[in-house]
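A short write-up of the structure that comes next.
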Amino acid sequence: ALAADRAGGAPGANLRARIAACGGNPLYVELLLTALAGSIALDGRGGADVADGPLPASLAATVRDRLRPLGAETVELLGLASVLGGEFAVADLATVSGRPVTELWPPLREALAAGLLSERGERLAFGHDLVREALYDDLPRSVREGLHLDAGRALAAAGADAPTVAEQFLRGARRGDPEVVGWLERAARETAARSAGVAAELLEAALELTAPEAPARGRIEAELAVTLIAAGRRPEGEALARQSLARDGWPEAEGALRLALARSMVERGHFAEALGEAATAAASDGVRPRERAEALAWAAMGPLLGHDLDAAEVEIARALEAARNAGAAHVAALSLSRAGHVAGFRGDFLAQERLLGEAVAVAEADGSRESLHASHAHYNQGMALADVDRPLAGLAALAAGRRLCERLGMEETLRNSHHYAGYPLTCAGRWEEAIADLETAQTLSEEAQLTWTVDVLAARALLQVRRDELEPARAAIAAASAARAAGALEFRLGWTDWARALLAEADGDLPGATALLWSAWERATAAGIPAELRFFAPELARLLAAAANAGAADANAGAADANCGAADANAGAADANAGAADANCGAA
3 ALAADRAGGA PGANLRARIA ACGGNPLYVE LLLTALAGSI ALDGRGGADV
53 ADGPLPASLA ATVRDRLRPL GAETVELLGL ASVLGGEFAV ADLATVSGRP
103 VTELWPPLRE ALAAGLLSER GERLAFGHDL VREALYDDLP RSVREGLHLD
153 AGRALAAAGA DAPTVAEQFL RGARRGDPEV VGWLERAARE TAARSAGVAA
203 ELLEAALELT APEAPARGRI EAELAVTLIA AGRRPEGEAL ARQSLARDGW
253 PEAEGALRLA LARSMVERGH FAEALGEAAT AAASDGVRPR ERAEALAWAA
303 MGPLLGHDLD AAEVEIARAL EAARNAGAAH VAALSLSRAG HVAGFRGDFL
353 AQERLLGEAV AVAEADGSRE SLHASHAHYN QGMALADVDR PLAGLAALAA
403 GRRLCERLGM EETLRNSHHY AGYPLTCAGR WEEAIADLET AQTLSEEAQL
453 TWTVDVLAAR ALLQVRRDEL EPARAAIAAA SAARAAGALE FRLGWTDWAR
503 ALLAEADGDL PGATALLWSA WERATAAGIP AELRFFAPEL ARLLAAAANA
553 GAADANAGAA DANCGAADAN AGAADANAGA ADANCGAA
C-alpha cells in the first residue's frame, strides 16, 4: 500500500523487484521511493514502474552512509562478497579473498551482528539486496570486472563446479577471451541435462564473446542449436542448425544437428521432414556409429506411427543391432521400448510387458540421463503394466521414473510423464486424477509447441463424456480433430472417433454414434491393430444392440400405427352407415 501510494499506481515488475531488495525494511523502502520519485513512470492503466538499471546514486550513497559505524575491514570484505552474489559460501569468500576463514570470522561476525548478513543453510546471505547492490555499484566497473575474473580463476583452482566459475567469468568477460568462453561451454554441458534453458543462455553468451573468425565459433553454434531445440526454442534452434550444417562450421556435429532437427520436427508435426533428416544422418559417412544407431531408431518411427507393424519391426531390429554394436545404451533402451509398442499394437501384451521391462533394465544399468530421456522406459512400462490389468503396478513404475528424473534434475523428462500418467490412472478407476494429468500434459504441450496432443485430448474427452461433462468433451474432441487435420500424430488409432461416437450417443444420435465407432473399428482392422479392437468391441456391440432394439421398437410402432389406421377406417365406415341410416329414416 505504501509503495502504491507513493508511486501513484500499482508497482510494476522492476519496481516490485526493487522493493523486494529492501528485504521488508520499511526505512529502506522509504529511502528507495524517495530516491526514485523523479523516475517513476505511470503506464496509464493504473500501474507505475521504473526502468531497469543501477541504484540511483543518491540512494546508494545513503545506504553506504549507514554502513559507516562498521569497521573499514568489514565494509571492504562485504564489498568483495557482493561480487559473489546475494548469497555465498564462506569457503568461496575465503578462496576469492585469499585469506583463511579464521581471518574472515571477525568482520563476518560484525556484519552478522549488524543484520547485514544472515545464515541461509550452509551459506551466508545479504539481509537486504539493496545493501549488496549499493556495495557492488560502488566498485568501479574495471575493478568489478577484474574481481569477477580473479574470483573465477580462484574458484576454478579450488575445484568449484563449472556453473559457479562460469558465472564469475561471464560478469568479467571481454570479447575474444578463450578462457571465459571455455568455461561457459563447460558450464553449459554440465547444466544441459538439468536445465536446457540455462545451458542455452550460457552458450548464447559464449557465442557473443567469440570472434566471427575464431575456430571455436562453429562448435559453439552447433552446440547452441542442439541446446535451443532441447530447451523448447525450436524455431530458433532449427534455423541455427540448418545454418550450421550449410556452413559446415563443425563437421563433427552433423549427426547431432540432424538428429536434433529430426526430434524437433517430429514434435512440431513436420513428420516427413523429420524422417528425411534421420535418413540423411543414417546414410552419412560423417556420422558416428552411436549417432547412426539413433538415426535408424528415428527412421523406425515412420512405419511405427504409420501402423505398418511388419516394416516397423524390421527397422527397430536394425536400430537395436546398431545400438548394441556401437555401445549406445540409450538407443538400445529406445529400440526396446518401440519393439514393445509393436507388440502392444498387435495385442501381445505379455510380450510388450517383457520388452518394456528389458528397456527399463538397460536404462537403469546405463544410469545416464540420455537413456532415461530417450526411451521414457519407466513411463512406457507403466502403460504396458496397465495393459495386463496391473494399473497400480503401472503407476508405481511411473512414480519410479519420476523419482529418477527428479534426482537427476531432468525437468523436461519429468514434464513428459503427464502424457503417460492418464492411461494407468484411468485403468485404476482414478478418473479425476487422470483428467488432471491429461490437462497438464495438454498445457505443457501448448507451452512447448508440441503436437503430441491428439491422444491426450481424445483420452480426456472419453473420460469427460462418461462423467456427463459434455461441453468440455466437445471442446476436447474439436481440438483433437483440428490437430489431426493439421497433421498432428495419432498414436492410439481411432480414439478420437471413439470419443466422438460416445458424444453422439449422449446427444441422442444413435445412428451417428454407431457409424463413427464402426469407422474406427474398420480403420484399426485394416491397419492390423487388434489392440484397439478390445476397446471398441464392447461399445460397438452395445450400440448395435441399442440400434436393433430401436429398430424393433420402430417396427412395433409402425404396426400400432397400421392398427390405428384400420380402426380409423372402420370408424369411418360406421359413420357412413350411420349417415345412410339417418337418410333412410328421414325419407321414411
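Under our numbering, the first residue of the sequence shown carries the number 3, and numbering increases by one thereafter. Backbone N, C-alpha and C fix where the C-beta goes; we use that ideal spot for every residue, glycine too.
- The closest CA to that of L452, considering only R469, A488, R432 and A461, is found on A488.
- Pairwise C-beta distances place the stretch 251 to 268 out of contact with the stretch 473 to 488, as fewer than three of them are shorter than 8 Å.
- In the same chain as A463, and ignoring 5 residues on each side of it, the C-beta atoms closer than 6 Å to its own belong to A475, A478, I479 and A501, in chain order.
- Scanning the stretch 341 to 401 from its first residue to its last, the whole alpha helix (DSSP H) runs of 4-plus residues come out as 351 to 368, 371 to 377 and 379 to 389.
- Per the DSSP secondary-structure output, L119 pairs in a beta bridge with F128.
- Under DSSP, E89 shares a beta bridge with A127.
- Considering only W520, E169, F493 and A330, the residue with the shortest C-alpha distance to A503 is W520.
- Closest in C-alpha terms to W300, from the list Q444, A162, A281 and A115, comes A281.
- Apart from sequence neighbours up to five positions away, no residue of its chain approaches D67 with a beta-carbon distance below 6 Å.
- About 17 Å separates the beta carbon of V85 from that of L132, a gap too long to meet the 8 Å contact definition.
- Rounded to the nearest whole angstrom, the CA to CA distance from D391 to A423 is 15 Å.
- A526 places its beta carbon less than 8 Å from that of G496.
- Judged by DSSP in its simplified three-state form, P108 adopts helix.
- Note that the C-beta distance between A213 and R177 is below 8 Å.
- In the displayed model, P13 falls within a strand according to three-state DSSP.
- Of all C-beta pairs linking the stretch 129 to 146 to the stretch 96 to 106, fewer than three are shorter than 8 Å, placing the two stretches out of contact.
- With a cut-off of 8 Å on Cβ pairs, the stretch 432 to 447 is not in contact with the stretch 398 to 411, counting fewer than three such pairs.
- Boundaries of the alpha helix (DSSP H) harbouring D152: R143 to A159, taken from the DSSP string.
- Classified as exposed, V145 has fewer than 16 neighbouring CB atoms from the shown chains inside 10 Å of its CB.
- Three or more beta-carbon pairs separated by less than 8 Å link the stretch 171 to 191 to the stretch 147 to 154, which places the two stretches in contact.
- Within the same chain, Cβ atoms closer than 7 Å to the Cβ of P253 are found at G288, the five residues on either side in sequence being excluded.
- For V316, the enclosing alpha helix (DSSP H) begins and ends at L311 to A328.
- Closest option to S246, judged by alpha-carbon separation, among A227, I231, A233 and Y381: A227.
- Setting aside the 5 residues that flank it on each side, S483 is surrounded in the same chain by T498, each with a C-beta closer than 7 Å to its C-beta; the list follows chain order.
- About 13 Å separates the beta carbons of P426 and L465, which is beyond the 8 Å limit, so they are not a contact pair.
- Measuring C-alpha to C-alpha distances from A549 to each of I531, L95 and E507 identifies E507 as the nearest.
- The straight-line gap separating the alpha-carbon atoms of L186 and R125 is approximately 24 Å.
- Shown here, W252 sits in coil according to DSSP, grouped into three states, outside any helix or strand.
- Annotation for A233: A198, G199 and A202 place their beta carbon closer than 7 Å to its own, counting only its chain and skipping 5 residues before and after.
- By the criterion of a C-beta distance shorter than 8 Å, A156 is surrounded in its chain by T97, V98 and G100, once the five residues flanking it on both sides are discounted.
- In this structure, A345 is the residue among S370, G369, E413 and A345 with its C-alpha nearest to the C-alpha of M385.
- A325 sits close to A295, with the two beta carbons spaced by under 8 Å.
- Straight across, the Cα-Cα distance linking A539 with A533 is about 11 Å.
- With respect to H420, A376 sits apart: the two C-beta atoms are not nearer than 8 Å.
- With fewer than 16 other CB atoms across the displayed protein chains lying within 10 angstroms of its CB, D470 is exposed.
- Nearest to R348 by C-alpha distance, out of E315, L400 and A361, is E315.
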